[in-house]
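Accompanying notes for the structure given below.
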Amino acid sequence: MREQYKVLIWPPPRSGGGPTNAILRVTNELRQYRVACTANVLSLWRVALLNVGAGIRLDILRLLRLGRRLVYRVDGCYSRRIFERQGRPWLTTYEHINARIASALATADFVIYQSHFAKQHLDMLYERPAGIYDIVPNGVDLELFSPAGRSGDSLPTLGCIGKFRANRIKVLTDISRHLPIQHRLLLVGRLDEQCLQDLETFRSSKPANCEVKYVSHVVGDEQLVRWHRQIDCFLHPVIGDTCSNAVVEALACGTPVIVPRWSGSSELVGQGGIVIEQPPWEDYQAFVHSC
C-alpha cells in the first residue's frame, strides 16, 4: 500500500493501559481491511487518529497537519463533582486539561465518542455539530474474548480488572464483606497507594467468607482473557466511566457484569448483567448496598 494512504496513530501506542489496548484493537482491524498504520508523525500519512491525548501531541499535529484529515478519539473529561463524590482532590491542572480537550474537539475534522454518556458530558466543553461525529463503543476480538475455555471452578468468583485508584478497592471489599457465601475476590491490575493500603487492610482482617487473589498488571489480550474466564460476576463500581474496556471484555466472555447507571458502560449491558439505579452524582454506598 502506498505511503500516502497510511493512518497515523498518535500518540504512539505504549505497552498496557486502556487507551492503548483499545487503539491496538482498532489498528488490528484496520489491517484486515488493508489499511496501513504508522506511529511516525514525520511519515507520509493521510489521516491522523488522535487517541485520547490532547496535550503537546495536539500541538505537534497542528504544526505537521498540512491540510490532512484529523480524527479525534476522545475518552472523557475531568468533572469537579465526580471528584467530590469520590473524595479525590480537585487540581487546577484538570481545568487546563479540559481546555485542551475542548480545543481538540473544536479542531478535529471528525470525533469518535465512546458512548452517549461521554458525548453528553463532553458537550459541556464543546458541542460538535451533527454529522461530524459518531459514537463507537470500544471493541474486542470476539474470537479471542469468548465464553469458551472457562475455568469452571466450584468456588464463585467475583472479579474486577483494570486500574485501581481512590476508593475502588474499598468499594469492592465492602461488597465482599456483605456476602454471606464463600467466594473468591479476584483483582487484576495496578493499584495506587490508597488501594494498596485498602487491600492490605482487608487481607489482614482475614475475612471469613472470602479468598482474595491479587494479580498485578498484565499485558496482552491473551493474558487478559485468561483472567476474565475465571470470573463468574464482574464488578465495575465506577461512577462516571465513559466506556470500560474491561466491561466490554467481560460481556464478550459471557460474564454478567454489575455497573452503576450513571456511566457509559451501563449502555452496553442489556441483558448481560445488572445496572444499579442511582441518581446522578450519588456516592458509592448506593452501589455497595444494592449489590
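The numbering of the sequence shown is my numbering, which starts it at 9 and goes up by one. Where a beta carbon is used, it is the ideal one built from N, C-alpha and C, also for glycine.
Where does the unbroken alpha helix (DSSP H) through residue i begin, and where does it stop?
| i | result |
| --- | --- |
| Asn253 | 253-260 |
| Glu219 | Premise fails: Glu219 lies in the beta strand (DSSP E), 218-223, not in any alpha helix (DSSP H). |
| Val233 | 229-236 |
| Leu276 | Run containing Leu276: none; DSSP gives neither H nor E here. |
| Gly26 | 26-40 |
Rounded to whole angstroms, what's the CA-CA distance from residue i to residue j? Just pull it up for me.
| i | j | result |
| --- | --- | --- |
| Ile239 | Ala62 | 35 Å |
| Leu16 | Arg54 | 8 Å |
| Leu232 | Val196 | 9 Å |
| Trp18 | Ile189 | 47 Å |
| Glu275 | Tyr121 | 13 Å |
| Val119 | Pro137 | 10 Å |
| Arg158 | Leu58 | 36 Å |
| Ile183 | Pro215 | 12 Å |
| Cys251 | His244 | 11 Å |
| Leu187 | Ala126 | 33 Å |
| Ile105 | Leu166 | 35 Å |
| Gly26 | Ser224 | 15 Å |
| Cys203 | Leu74 | 45 Å |
| Arg76 | Pro155 | 42 Å |
| Asp117 | Pro164 | 48 Å |
| Asp142 | Asn217 | 46 Å |
| Phe91 | Arg42 | 43 Å |
| Phe242 | Tyr222 | 15 Å |
| Ala254 | Glu201 | 22 Å |
| Val60 | Arg70 | 16 Å |
| Val277 | Arg89 | 25 Å |
| Gly160 | Trp98 | 44 Å |
| Leu199 | Asp83 | 21 Å |
| Tyr80 | Thr101 | 21 Å |
| Asp96 | Glu208 | Going by the sequence as given, residue 96 is Arg instead of Asp. Computed Cα separation, rounded: 21 Å. |
| Arg173 | Gln40 | 36 Å |
Which residue wins for smallest C-alpha separation from residue i, given the options the options?
| i | options | result |
| --- | --- | --- |
| Pro287 | Tyr41, Arg93, Val15 | Arg93 |
| Glu103 | Asp117, Gly139, Met132, Leu78 | Met132 |
| Asp206 | Lys178, Ser212, Lys221, His186 | Lys178 |
| Leu66 | Ser271, Leu113, Ala156 | Leu113 |
| Glu151 | Ile105, Ala260, Gly26, Val255 | Ala260 |
| Ser162 | Ile90, His191, Arg185 | His191 |
| Gly272 | Gln40, Ser51, Pro145, Arg42 | Pro145 |
| Val226 | Leu38, Lys171, Cys241 | Lys171 |
Can you list, in chain order, the residues of its chain whose CB lies under 8 Å from that of residue i, leaving out five sequence neighbours each side?
| i | result |
| --- | --- |
| Ser87 | His129, Gly248 |
| Asp149 | Arg33, Asn36, Asp229 |
| Glu257 | Val148, Phe153, Ile169, Leu232, Val233, His236 |
| Ile140 | Asp117, Phe118, Val119 |
| His124 | Ile143, Gly272, Glu275 |
Taking 7 Å as the cut-off, is the beta-carbon of residue i closer than that to any non-hydrogen atom of the ligand PLP?
| i | result |
| --- | --- |
| His124 | Absence of the ligand PLP from the depicted structure is noted, as is the absence of any ligand whatsoever, leaving it without description. |
Could you spell out the range, first to last residue, of the beta strand (DSSP E) harbouring residue i?
| i | result |
| --- | --- |
| Trp53 | 53-59 |
| Gly272 | Unbroken run through Gly272: none, as it is neither H nor E. |
| Gly281 | 281-284 |
| Arg15 | According to the sequence displayed, residue 15 carries Val and not Arg. Unbroken beta strand (DSSP E) run through Val15: 14-18. |
| Val265 | 265-268 |
| Leu243 | 241-243 |
Leaving out the 5 sequence neighbours to the left and right, which residues in its chain are closer than 7 Å to residue i when beta-carbon positions are compared?
| i | result |
| --- | --- |
| Leu72 | Val49 |
| Ile108 | First, the amino acid is wrong: residue 108 is Arg here, not Ile. Here the set comprises Ala62, Gly63, Leu66. |
| Gly280 | Leu259, Pro264, Val265 |
| Arg185 | Pro215 |
| Leu38 | Val15, Cys45 |
| Cys85 | Asn106, Ile109, His129, Leu130, Leu133 |
Might you give, ordered along the chain, the residues of its own chain that have their beta carbon closer than 6 Å to the beta carbon of residue i, omitting 5 neighbours on each side?
| i | result |
| --- | --- |
| Met9 | Residue placement at Met9 cannot be trusted, given a pLDDT of 43 that sits under 50; the coordinates are not used to answer. |
| Pro21 | Thr28, Ile31, Leu32 |
| Val220 | Leu193, Arg211 |
| Tyr134 | Ala110, Leu113, Ala114 |
| Ile282 | Ile266 |
| Thr181 | Phe210 |
| Gln47 | One detail in the question is off: residue 47 reads as Ala in this sequence, not Gln. Ile17, Pro20, listed in sequence order. |
When the cut-off is 8 Å and only beta carbons count, does residue i lie next to chain B?
| i | result |
| --- | --- |
| Ala258 | Among the chains of the structure shown, chain B does not appear; only one protein chain is present. |
Subject >> 3 or more residues per run - each beta strand (DSSP E) lying fully within the segment 171-216 >> reply: 191-196
Original post:
Which runs of the alpha helix (DSSP H) fall wholly inside the segment 101-143 and span at least 4 residues, in chain order?
Top reply: 124-130
Original post:
Considering only residues of the segment 66-91, which uninterrupted beta strand (DSSP E) runs meet the minimum length of 3 residues and lie entirely inside it, listed in chain order?
Top reply: 77-81
**OP:** Taking only runs that begin and end inside the segment 147-173, name each unbroken beta strand (DSSP E) of 3 or more residues, in chain order.
**Re:** 165-169
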